[in-house]
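Here the structure comes first, spelled out in structure tokens, and everything after it is commentary.
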Amino acid sequence: MMEKYDVLVAGAGVAGIAAALECARSGMKTALIEKTILPGGLATSGLVNIYLPLCDGNGRQVIHGISEELLKGSIKYGPGAIPSGWNGVPGRKESRYMVIFSPSSFVLAIDELLENENIDVWYDTQICGAITRGSRLTGIEVLNKSGKIALKASCFIDATGDADIANFAGAECEQGENRLSIWSINGSSKGQGSSPDMLRLGADDSGRGHPENAPVLREINGKNTTAFVLESRRLLRRHYDRKQKAHSRENEYPLSLPTMAQFRTTRKIRGMSSIRNDAFNRNIDDSVGIMPEWRFAGKVWEVPYGSIVPVKIKGLLVAGRCLDAETGDAWNVARVIPCAALTGQIAGVSAVLAVRNKTTPDNVGIGDIRKSLDRRGIIYHM
Ligand SMILES: Cc1cc2nc3c(=O)[nH]c(=O)nc-3n(C[C@H](O)[C@H](O)[C@H](O)COP(=O)(O)OP(=O)(O)OC[C@H]3O[C@@H](n4cnc5c(N)ncnc54)[C@H](O)[C@@H]3O)c2cc1C
850 MMEKYDVLVA GAGVAGIAAA LECARSGMKT ALIEKTILPG GLATSGLVNI YLPLCDGNGR
910 QVIHGISEEL LKGSIKYGPG AIPSGWNGVP GRKESRYMVI FSPSSFVLAI DELLENENID
970 VWYDTQICGA ITRGSRLTGI EVLNKSGKIA LKASCFIDAT GDADIANFAG AECEQGENRL
1030 SIWSINGSSK GQGSSPDMLR LGADDSGRGH PENAPVLREI NGKNTTAFVL ESRRLLRRHY
1090 DRKQKAHSRE NEYPLSLPTM AQFRTTRKIR GMSSIRNDAF NRNIDDSVGI MPEWRFAGKV
1150 WEVPYGSIVP VKIKGLLVAG RCLDAETGDA WNVARVIPCA ALTGQIAGVS AVLAVRNKTT
1210 PDNVGIGDIR KSLDRRGIIY HM
């Protein structure tokens, strides 16, 4: 079986959703392929429920567009609110334009956004191969209950988080490292009515808290992923064993577990350019967006267009956490929810231009991309 689209977006995490919305709203025949049955990726199936800031911490909003629309969507069905004083006193925690949301509410709001556009969503469908003609990506292979299907498109956006399409197509990729974490929802009377009672165990973003003797994931594959998720749930069992000896079982029990592996950094592409660790608060010639440091105020990175364009493979863009950012501060900033959605929309803008001009993303002009970004209020220079 064969279907043909203008743009095919792989992966319905926040990056893929933003990319698909941008393409569909620009009149493209758009497909969105997702291996689970939920949109949102780590932000919903992964129970990562903090939509980090759209602002620089000094009262200035730097991310606009679909990323802001998704932030508002994440709290549409409650609970949560945008801090009223986010642009007030600089440097305080409540001075950030960010929200904590319920993953289930976010799913409902995303469903609504996707339904309002004419997007052909394929859930329960895993991408398992790439079809190329020379260095040009022309199609992908997917596997679902109907069997193996080939899907063709004029342009592809890899928003799988793991650069799956890029990897299948033979693009140069690099693997990141992952210390063990598990974010889950605790069942207790404490969490009711306000926000989910999140239980966050294991390593933080800098790797601190990684349990002794637990495996560090250095290469994403079926075996390593299985070992990682089993170890993370063992950590949770040990936690509840301890807690339930000391407290009532009614107030401390597992209520909801992540249904996708909680990896921060897995596979990323080698792009035509890279977001550099030392490139903060500097102008970049081919910038197409701005990303704020979420850990503290005052640092922002401009996003080079080349960081979402893989070298060698034509007809493909990437978006979200698998873009080219240097390991360290740059990747730590670029991979989070607001920035993943931002690069999703930028990739969508470029894909639309590539299709309209009958070319590939490496030949799309920065000036044309910026004209589209200007119309959407997206800023790309400090
Ligand atoms: C423990 C942890 C804590 C974090 N904390 C925060 C935080 O507090 N705030 C924040 O903003 N960010 C946080 N992050 C980072 C953030 O959650 C992710 O980086 C971001 O959500 C990535 O979005 P994405 O769309 O790029 O990728 P993903 O969310 O990974 O989405 C990729 C999608 O593609 C699908 N997919 C993958 N492969 C295939 C395939 N072969 N075929 C079909 N579909 C496929 C997946 O099912 C998924 O839906 C955290 C991450 C982790 C792991």
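Read in order, the letters of the sequence shown are residues 850 to 1231 in this note's numbering. By construction, the Cβ of each residue, glycine as well, lies at the ideal position given by its N, Cα and C atoms.
When DSSP reads this structure, Thr981 sits in a beta bridge with Leu986. A distance below 7 Å between beta-carbons, with the five flanking residues on each side excluded, links Ser1199 to the following residues of its chain, in chain order: Leu1166, Pro1210, Val1213 and Ile1218. Around the C-beta of Glu871, 16 or more other C-beta atoms lie within 10 Å, and the residue is accordingly described as buried. At least one heavy atom of ligand 1 falls within 7 Å of the beta-carbon of Trp1032.
In this structure, Arg1119 lies away from Pro1153, with their beta-carbon atoms at least 8 Å apart. When the alpha-carbon of Leu901 is set against those of Gly937, Gly927, Val863 and Ala1012, the nearest one is in Val863. The Cβ-Cβ distance between Ser1122 and Gly1169 does not fall below 8 Å.
Non-local beta-carbon contacts of Lys1148 in its own chain, meaning distances under 7 Å to residues more than five positions away in sequence, involve Phe1129, Asn1130 and Glu1142 in chain order.
Going by DSSP, Thr879 is part of the beta strand (DSSP E) stretching over Thr879 to Ile882. Within the chosen limit of 7 Å, ligand 1 does not reach the beta carbon of Tyr1154 with any heavy atom. Going by DSSP, Asn1035 is part of no alpha helix (DSSP H) but of the beta strand (DSSP E) stretching over Ser1030 to Gly1036. Minimum Cα-Cα distance from Pro1060 among the listed residues Gly988, Lys1094 and Ser1030 corresponds to Ser1030. With a contact defined as Cβ atoms closer than 8 Å, Leu1191 and Met1140 qualify at about 7 Å. With contacts defined by Cβ atoms closer than 8 Å, Leu1066 and Asn1073 form a contacting pair.
Taking a C-beta distance under 8 Å as the contact criterion, Ala1012 and Ala979 do not qualify as a contact pair. If you check the C-beta of Ala869 against ligand 1, you find no heavy atom less than 7 Å away. Inclusion of Tyr854 and Leu1000 in the CB contact set at 8 Å is warranted, their separation being smaller than that value.
Annotation for Ile1157: Gly1120, Leu1166, Val1167, Ala1168, Leu1172, Thr1192, Ile1195 and Ala1196 place their beta carbon closer than 7 Å to its own, counting only its chain and skipping 5 residues before and after. Taken through DSSP and simplified to helix, strand or coil, Phe950 comes out as coil. Ile886 and Phe955 have their C-alpha atoms spaced approximately 14 Å apart. A residue is called buried once 16 or more other Cβ atoms fall within 10 Å of its Cβ, and Ser933, having fewer, is exposed. In summary, Cys977 is exposed, with fewer than 16 beta-carbon neighbours lying within 10 Å of its beta-carbon over all protein chains present. Annotation: Thr974 to Ile998 spans about 10 Å, alpha carbon to alpha carbon. In the displayed model, Ile1124 falls within a strand according to three-state DSSP. Looking at the DSSP output, Leu1000 shares a beta bridge with Glu852 and Ile989. Taking 7 Å as the cut-off, one finds no heavy atom of ligand 1 near enough to the beta carbon of Arg1057.
Counted as a single uninterrupted DSSP element, the beta strand (DSSP E) harbouring Val1137 occupies residues Ser1136 to Pro1141. The residues Ser894, in chain order, have a CB closer than 6 Å to that of Thr1108 in the same chain once the five nearest residues on each side in sequence are set aside. In this structure, Lys1117 and Ala1052 do not form a Cβ contact; the two beta carbons are roughly 19 Å apart against a cut-off of 8 Å.
Comparing C-alpha distances from Asn1126 to each of Asn1181, Ala958, Val1078 and Ser1136 shows the shortest one belongs to Asn1181. Taking the Cβ atoms as the reference, Ile912 lies roughly 5 Å from Pro1187, within the contact range of under 8 Å. Under the three-state reduction of DSSP, Ile968 is assigned to strand. By the criterion of a C-beta distance shorter than 6 Å, Phe1112 is surrounded in its chain by Asn1027, once the five residues flanking it on both sides are discounted.
At least one heavy atom of ligand 1 falls within 7 Å of the beta-carbon of Pro1187. Boundaries of the beta strand (DSSP E) harbouring Ile1118: Arg1116 to Ile1118, taken from the DSSP string. Per the coordinates, the alpha-carbon of Lys884 lies some 43 Å from the alpha-carbon of Val938.
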